[in-house]
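Encoded as structure tokens, the structure appears first; notes follow it.
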Amino acid sequence: MKKYIAGIDIGKEKLDLCFIQEEKTLGEEETVNTTAAVGQALKTFLKEVGAETPDILVCAEYTGQYIWSLCCVCKDLGLDLWLENPAQIKHSSGVQRGKNDRSDARRIAAYGFRFQDKVRLYNLPQENIMSLQQLTGERDMYVSDKSKYQAAY
Numbered sequence: 000m001k002k003y004i005a006g007i008d009i010g011k012e013k014l015d016l017c018f019i020q021e022e023k024t025l026g027e028e029e030t031v032n033t034t035a036a037v038g039q040a041l042k043t044f045l046k047e048v049g050a051e052t053p054d055i056l057v058c059a060e061y062t063g064q065y066i067w068s069l070c071c072v073c074k075d076l077g078l079d080l081w082l083e084n085p086a087q088i089k090h091s092s093g094v095q096r097g098k099n100d101r102s103d104a105r106r107i108a109a110y111g112f113r114f115q116d117k118v119r120l121y122n123l124p125q126e127n128i129m130s131l132q133q134l135t136g137e138r139d140m141y142v143s144d145k146s147k148y149q150a151a152y
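Counting from 1, position 56 in the sequence shown corresponds to residue 55 in numbering that gives the first Met the number 0; the numbering is continuous, with no gaps.
Below, the structure is given as structure tokens:
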């Protein structure tokens with residue numbers, strides 16, 4: 000069981016972080032969604048509480064391409080990263096009033112603490128696999144564009 004949980008709500012331009020120990024909130028922070036900013040925020044937290052990397056679990060919702068900076072930072076720092084389906088987190092918290100990024104980060108952290116026994120750690124795919132995925136996506140875009148232009152003439 001991990002000592003600290005970092006719940007992270009990921010957006011296109013910013014991340015909201017909530018750090019908890021047991022069920023006590025240790026701190027909340029908002030940062031830009033860049034590798035440097037996310038790394039600095041996590042390093043600052045580790046330094047403030049005097050935690051080691053094996054003591055912390057980073058829990059976040061899977062939001063597609065916006066998780067990239069968080070994944071890279073967690074890999075570089077050696078942090079355990081758990082990416083969960085957003086619907087799973089939403090349904091596990093029951094009926095909630097109010098919705099904003101800060102409260103979402105708290106809910107994600109609480110979810111991570113409550114369901115640590117069901118954790119499935121995320122591992123970045125190998126670079127050649129990621130490159131192939133990107134190229135395949137680009138090819139699909141070109142194929143759909145080609146069919147649009149052919150249909151027009």
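Where is the CB? At the ideal position from N, CA and C, for every residue including glycine.
- Relative to the Cα of G38, the nearest Cα in the group I128, K98 and I7 belongs to I7.
- Under the three-pair Cβ rule at 8 Å, the segment 102-116 counts as touching the segment 10-18.
- Boundaries around G38 are those of the alpha helix (DSSP H), T34 to V48, since no beta strand (DSSP E) includes it.
- Across the structure, C58 and Q149 are spaced so that their CA atoms are roughly 45 Å apart.
- Fully enclosed alpha helix (DSSP H) runs of no fewer than 4 residues occupy 85-91 and 100-113 of the segment 74-133, in order along the chain.
- Here W81 is near R119, since their CB atoms are less than 9 Å apart.
- In the DSSP assignment, T24 falls within the unbroken beta strand (DSSP E) covering K23 to V31.
- Counting every other CB atom within 10 Å of its CB across the protein chains shown gives K46 a total below 16, marking it as exposed.
- Of the candidates Y141, A50 and E29, the residue whose Cα lies closest to the Cα of L76 is A50.
- Taking the C-beta atoms as reference points, K117 is found no nearer than 9 Å to D54.
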